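At the far end of the sequence shown sits residue 1467, using our numbering, and the numbering has no gaps.
Note that the Cβ used here is the ideal one computed from N, Cα and C, for glycine as well.
Quick caveat: nothing in here was measured; it's all calculated off a predicted structure.
Worksheet: the structure to be examined is printed underneath.
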Amino acid sequence: MPTKEAVIEALQNCYDPCCKDRAISVVDMGLIEAVHVDGGNVQIDMLLTSGWCPFVGNLNGMIVEEVGQINGVKSVNVEVVWNPVWTMDRMSESARAKLTIPLEPLIPYREERLKREQLAQEYN
1344 MPTKEAVIEA
1354 LQNCYDPCCK
1364 DRAISVVDMG
1374 LIEAVHVDGG
1384 NVQIDMLLTS
1394 GWCPFVGNLN
1404 GMIVEEVGQI
1414 NGVKSVNVEV
1424 VWNPVWTMDR
1434 MSESARAKLT
1444 IPLEPLIPYR
1454 EERLKREQLA
1464 QEYN
């Protein structure tokens, strides 16, 4: 019989299409609100980062396929829920680190742009 832990482990292999290049799973993004296992039937309540997410169908299919491979799973149902609302607070530390843009390398570009703007103002 499948366990909630096995389902969550399988969900670690499902990536939000917007974050796939950074290898951030739906679990690390905080999209999984609840997992219910009743015998071989699995119910997953999933949040979206936006109500306009164009990838919900892809994400749903990926989850059904991945969780469906767990031994003993007979059915997988993914339901999008809107309460609670997804916020960045739901992301794991790992996801936050992968999505953070380091600012130090950008400082020289900022300084150069500011100098150009200042020179342009002086000549106008």
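Identified DSSP bridge partners for residue i
i, result
"GLN1386", "HIS1379 and ASN1420"
"SER1485", "Here the chain covers residues 1344 to 1467 and nothing more, so residue 1485 does not appear."
Close beta carbons around residue i, own chain, < 6 angstroms, minus the five adjacent residues each side
i, result
"LYS1347", "VAL1378 and VAL1380"
Cut-off 8 angstroms between Cβ atoms - residues of its own chain near residue i, not counting five sequence neighbours on either side
i, result
"VAL1428", "LEU1390"
"ALA1353", "GLU1409, VAL1410, GLN1412 and ILE1413"
"GLU1465", "none"
Own chain partners of residue i with C-beta closer than 7 angstroms, once the 5 adjacent residues on each side are dropped
i, result
"PRO1399", "Strictly speaking, residue 1399 in this sequence is Val, with Pro absent from that position. Hits under 7 angstroms: LEU1391 and VAL1423."
8 angstroms Cβ cutoff met for residue i and residue j
i, j, result
"MET1434", "ASP1359", "no"
"VAL1385", "PRO1345", "yes"
"GLY1415", "GLY1383", "yes"
"CYS1357", "VAL1369", "yes"
"ILE1367", "LYS1441", "yes"
Review point. Are the segment 1450 to 1462 and the segment 1403 to 1421 touching by the rule of at least three beta carbon pairs closer than 8 angstroms?
Key: no
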